[in-house]
Structures are given as C-alpha cells and as structure tokens.
Amino acid sequence: MEKMDSVLSALEDKAAKLDLELAMKKNIKLKLENDLATKNKELDRLSGYIDVLEQVRILLQKASEYAREQIRQQIEMLVTHCLQFVFGSNIEFCIELNEVRGKTEAEFYVLSTYDTIKIKTRPEDARGGGVVDIISLALRIAVIQSTNLYKDGPLILDEPAKHVSGEYIANVAQFLKQICDVFNRQIIMVTHNQYLSEIADLSYLVELRDGYSDVSIFESTL
803 MEKMDSVLSA LEDKAAKLDL ELAMKKNIKL KLENDLATKN KELDRLSGYI DVLEQVRILL
863 QKASEYAREQ IRQQIEMLVT HCLQFVFGSN IEFCIELNEV RGKTEAEFYV LSTYDTIKIK
923 TRPEDARGGG VVDIISLALR IAVIQSTNLY KDGPLILDEP AKHVSGEYIA NVAQFLKQIC
983 DVFNRQIIMV THNQYLSEIA DLSYLVELRD GYSDVSIFES TL
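As structure tokens, this is what we get:
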C-alpha cells in the first residue's frame, strides 16, 4: 500500500511538473503569436509605403527630362511643406534622380537640420515611423494632384498618421484641414485616433456588438 502511495505521489509530482511546463509553453506560444502579429502589421505598413514610392517612381520615369524636373521640384516642395507643417522647419524632403540602364530611378531622402549640421537619411531611418506616415500621405496627395486620372474624387485614408506621436497629432489634424481647403477635396478616413475623429465635420462611431457593426454619429467633445 505504501509503495502504491509512493508511486501515486511520484505520478502526481510529474503531472504537476508537466502542467507547469505546458503553461510555460502556452505563454511562450502566445508571446510568439503576438510578436508575429505585430511584425505582420509593420510589414503591411511598409508594403503600403513601398507601393506609394513605386507609383512616384513610375510617374517620374514616364515624364520628359524637363517635366520630370518640374514634377520632382513640385513633389519635394509639397512633401517638405507637409513635413514642416507637422514636425517643424528643421526637416526637408529630397528626391535624387539617377539614370540606371536607360531608366530613371528615384531615391528618397529626409534632410534633418541640427543647429548648422544637415543629416541625410532614408525616410524609414528618420525619427521613426511617424515621418514615414506623413511622407506616405504627402506622396499620395502629390501623385493625385500631379495627374489627371483622379481630379474630383475624395481622398480616402486608412489610419493616417498612425505612428505619429501625440505631441504632433494636432498638427496632423490642421494639415488635413488645410489639404481640404487648398485642394478642395473631401477627406474620408478611418481612424482610431480620437483627436483626428473630433476635428472632422462629420464623424461616425463604429462599434462591434454581438457580432454586428453598430454605427452611430460621433459627438465631438472639443
């Protein structure tokens, strides 16, 4: 009987250890899944940014040398204005054009000024994802305004300025307002940022309730 009790006790100890090991592995699995989801979201964001850059490159490749230079200057000026509107006057956008195997290729850079020193970096390396978000938004506007393919339609944005820090989000809101006024375009956007939702002329709140989307008019508290 004592031997059986000893065997049962050993089995219970082993079962407890296995339960603990299983719980630890479940936690590790959950963390890995969360990390994977985060990386996939970042990949989707960068993929969207790459698509915009490719559209700009195609636009520049199809233009004549003179027209290409005019477009380059216009895009640089517009994107620089957008960046400075949001982040201040010590940042500029630069496009470098190069001929590679008979084709024009464009490289994009951000010039940051610190006192009298200018530092040139790629957009993804300049001050975090917020700069990339604003450049991506500005390039979309530049492409739309530089072609006749989409003259009068609204500007549709999905989570604009998602990675812009809170201290600059008010500037982003005013920038979007200015885009509406200057280019006479309606902006339709999806956002989780309360400040951006509150500066809109009309906002809708979409909530998931029992598997259904409940839509109501969002009342601003500003």
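Numbering (this note's numbering), first residue to last: 803 to 1024.
Glycine residues also receive a C-beta, built at the ideal position from the N, C-alpha and C atoms.
The structure presented is a predicted model; accordingly, all values stated were derived computationally and were not measured.
Contact check, residue i vs residue j, beta carbons under 8 Å
i, j, result
"Leu899", "Leu862", "yes"
"Glu894", "Leu913", "yes"
"Ile981", "Ile943", "yes"
"Val858", "Ile877", "yes"
"Ser999", "Val1008", "no"
"Asn892", "Thr918", "no"
Per DSSP, cross-strand counterpart(s) of residue i
i, result
"Ile958", "Ile990"
"Val984", "Note: Val984 sits in no beta bridge, so no partner."
"Val858", "DSSP output for Val858 lists no bridge partner at all."
"Cys896", "Tyr911"
"Glu901", "Thr906"
"Leu1007", "Ser1018"
"Lys920", "Thr915"
Contact belief for residue i with residue j at Cβ below 8 Å, rounded distance in angstroms
i, j, result
"Tyr997", "Ser938", "Contact flag wrong, Cβ pair sits at about 19 Å."
"Thr993", "Glu961", "6 Å"
"Pro956", "Ile1001", "Incorrect: roughly 16 Å between the Cβ atoms, too far for contact."
"Val888", "Val974", "6 Å"
"Ile936", "Ala963", "7 Å"
"Phe985", "Cys884", "Rounded, the Cβ-Cβ distance is 12 Å, inconsistent with contact."
Nearest to residue i (by Cα), restricted to the options the options
i, options, result
"Ile958", "Ile946, Asn995, Val966", "Ile946"
"Val966", "Gly932, Ile990, Ile989", "Gly932"
"Thr906", "Arg987, Lys831, Glu867", "Glu867"
"Arg874", "Glu969, Asp954, Ser999, Ser948", "Ser948"
"Arg768", "Ala908, Lys920, Leu822", "No answer is possible for residue 768: the residues shown for the chain start at 803 and end at 1024."
"Tyr911", "Ile919, Ala928, Glu901, Asp917", "Ala928"
"Gly904", "Lys864, Gln872, Ile921", "Lys864"
"Val934", "Glu901, Glu856, Leu848, Met879", "Leu848"
"Tyr970", "Leu845, Asn836, Gly890, Gln872", "Gly890"
"Tyr1006", "Lys827, Val1017, Lys843", "Val1017"
Same chain only: Cβ atoms within 8 Å of residue i, ignoring 5 sequence neighbours per side
i, result
"Leu1004", "Ile1019"
Sequence-distant residues of the same chain with beta carbon closer than 6 Å to residue i, five excluded per side
i, result
"Gln988", "Pro956"
"Lys920", "Leu913"
"Ala839", "none"
Other residues of its chain near residue i: CB distance less than 7 Å, five sequence neighbours each side excluded
i, result
"Val854", "Ser938, Leu941, Arg942"
"Gln886", "Ile893"
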